[in-house]
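Visitor: I have a structure here, written as structure tokens, and I will follow up with some questions on it.
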Amino acid sequence: MYYFLLAFLLQYPKEDTLRVMTYNIHHCNPPSKEATGEIDIDAIANVIKSQHPDVLALQEVDVNTKRSGNIDQAAVLASKTGMHVYFGKAIDYDGGGYGVAILSKFPLKHTKTIRLPEASDSTVEDRVVAIAEITLRNGKKLTIGSTHFDVKKAANREEQAAALNNITASPLIIAGDLNCTPESAAFKLLSPKFTSSCTDCGFTIPVNAPKRVIDHIIFSPAFSVKTSTVVNETYASDHLPVVAEIIIK
């Protein structure tokens, strides 16, 4: 009986550290090659592998589009990094799909894509949040979301922030390009429910001379954060990735 209990406790420790990463990958088109449209998916894969994330939220992902060579970027990145994947399509684009993705070392369950609202007078690009449930090494279940807010209108971002507040899953980690700074009205709408992984967040865009932080990792309820880092990688995308180590009890 003693050995059975010991084995159980070793299998499911009381707390677990989850390494979360968010990365707007600009459909794997490096900024220095934007004029030619060249795709360098290996560069994105190498950035991901260098950070060893447990879960990863990706934005601006192409799946079978002509501009990206008709490849499923979500699936290819999952294969190159040895992770499970779920793609959430936001729009049809160039013969394929364009949206967000979740990559995870843990199997992804109960996956779904939720369309986010926009202001009634808006005619902008549709936005979504991709959702999946994972089970950690300590047996704890939690929900991961990857999202990309509207870039053009603050009113849309505020609607989209309010929609995230309505997601009832708990615990919940949302990561993505929110296209808003911590001082914005949209981000402040999230603060009653969500906690940010950083208090003095590093800038994430533009990559060569960053001036704003718009890429975020937020969670509910509040977890302890061991580290939160902006990765200084300036070639692969037009955003810098963000990585946080979160203690899940």
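Residue numbers (our numbering): 141 to 389.
Every residue gets a Cβ at the ideal spot worked out from N, C-alpha and C, and that includes glycine.
Taking only the alpha-carbon atoms, compute the straight-line gap between residue 195 and residue 157 and give it to the nearest angstrom.
Guide: Within the sequence shown, the letter at position 55 stands for residue 195. Within the sequence shown, the letter at position 17 stands for residue 157. Cα-Cα distance, rounded: 11 Å.
Visitor: With residue 363 as the anchor, note down where its beta strand (DSSP E) starts and where it stops.
Guide: Numbered from 1 along the sequence shown, position 223 holds the residue referred to as residue 363. Residue 363 -> no beta strand (DSSP E), and no H or E assigned at all.
Visitor: Taking three-plus beta-carbon pairs below 8 Å as touching, is the segment 198-215 in contact with the segment 158-176?
Guide: Cβ pair count under 8 Å is three or more, so yes.
Visitor: Return helix, strand or coil for residue 335, following the three-state DSSP convention.
Guide: The residue you call residue 335 lines up with position 195 of the sequence shown. In this structure, residue 335 counts as strand in the three-state DSSP scheme.
Visitor: From residue 278 to residue 175, what distance separates their C-alpha atoms?
Guide: In the sequence shown, counting from the first residue as 1, residue 278 sits at position 138. In the sequence shown, counting from the first residue as 1, residue 175 sits at position 35. In a straight line, the C-alpha of residue 278 is about 47 Å away from that of residue 175.
Visitor: Taking C-alpha atoms, which residue in 221, 213 and 223 lies nearest to residue 229?
Guide: As a working mapping, residue 229 is identified with position 89 in the sequence shown. It is 213.
Visitor: Within 10 angstroms of its Cβ, does residue 387 collect 16 or more other Cβ (buried), or is it exposed?
Guide: Counting from one through the sequence shown, the residue named residue 387 turns up at place 247. Its Cβ having fewer than 16 others within 10 Å, residue 387 is exposed.
Visitor: What number of angstroms, rounded off, separates the C-alpha of residue 178 from the C-alpha of residue 221?
Guide: If you number the sequence shown from 1, residue 178 lands on position 38. If you number the sequence shown from 1, residue 221 lands on position 81. Rounded to the nearest angstrom, the two C-alpha atoms are 21 Å apart.
Visitor: When you compare each of 362, 372, 313 and 361 to residue 350 by their alpha carbons, which one comes out closest?
Guide: For the purposes of this step, residue 350 is identified with residue 210 of the sequence shown, where counting begins at 1. Among 362, 372, 313 and 361, the Cα nearest to that of residue 350 belongs to 372.
Visitor: DSSP three-state label for residue 230, please.
Guide: Here residue 230 refers to the residue found at position 90 when the sequence shown is read from its first residue. Strand at residue 230.
Visitor: So within the segment 182-230, which uninterrupted beta strand (DSSP E) runs reach at least 3 residues, ignoring any that extend past its ends?
Guide: Within the segment 182-230, the complete beta strand (DSSP E) runs of at least 3 residues are 195-203.
Visitor: Give the DSSP-derived three-state secondary structure of residue 296 in the structure shown.
Guide: For the purposes of this step, residue 296 is taken as the residue at position 156 of the sequence shown. Note: residue 296 maps to helix in three-state DSSP.
Visitor: My assumption, with CB atoms under 8 Å, is that residue 258 sits in contact with residue 232. Please give the rounded CB distance.
Guide: Along the sequence shown, read from residue 1 onward, the residue named residue 258 stands at position 118. Along the sequence shown, read from residue 1 onward, the residue named residue 232 stands at position 92. Rounded, the Cβ-Cβ distance is 17 Å, inconsistent with contact.
Visitor: Could you tell me how far apart the beta carbons of residue 283 and residue 312 are, in whole angstroms, since I believe they sit closer than 8 Å?
Guide: For this step, residue 283 is matched to residue 143 along the sequence shown. For this step, residue 312 is matched to residue 172 along the sequence shown. With 8 Å as the limit, residue 283 and residue 312 qualify as a contact, their Cβ atoms being about 5 Å apart.
Visitor: My assumption, with CB atoms under 8 Å, is that residue 330 sits in contact with residue 358. Please give the rounded CB distance.
Guide: As a first step, residue 330 is located in the sequence shown; it is residue number 190 there, counting from the start. As a first step, residue 358 is located in the sequence shown; it is residue number 218 there, counting from the start. The Cβ separation is near 6 Å, so the contact holds.
Visitor: Quick one: give me the first and last residue of the beta strand (DSSP E) that residue 380 is part of.
Guide: Reading the sequence shown from its first residue, position 240 is the one you call residue 380. No beta strand (DSSP E) contains residue 380, which DSSP labels as neither H nor E.
Visitor: Could you name the residues of the same chain whose beta carbon sits closer than 6 Å to that of residue 264, not counting the 5 residues immediately before and after it, in chain order?
Guide: Counting from one through the sequence shown, the residue named residue 264 turns up at place 124. So the qualifying residues of the chain are 290 and 292.
Visitor: Going straight from the alpha carbon of residue 144 to that of residue 275, what length do you get?
Guide: Sequence index remark: in the sequence shown, residue 144 carries index 4 (1-based). Sequence index remark: in the sequence shown, residue 275 carries index 135 (1-based). In this predicted model, residue 144 has a pLDDT of only 49, less than 50, meaning its place in the structure is not dependable; the value taken from the coordinates is given anyway. Near 21 Å, if we compare the C-alpha coordinates of residue 275 and residue 144.
Visitor: Could you check where the beta strand (DSSP E) with residue 272 kicks off and where it finishes?
Guide: As a working mapping, residue 272 is identified with position 132 in the sequence shown. Residues 268-275.
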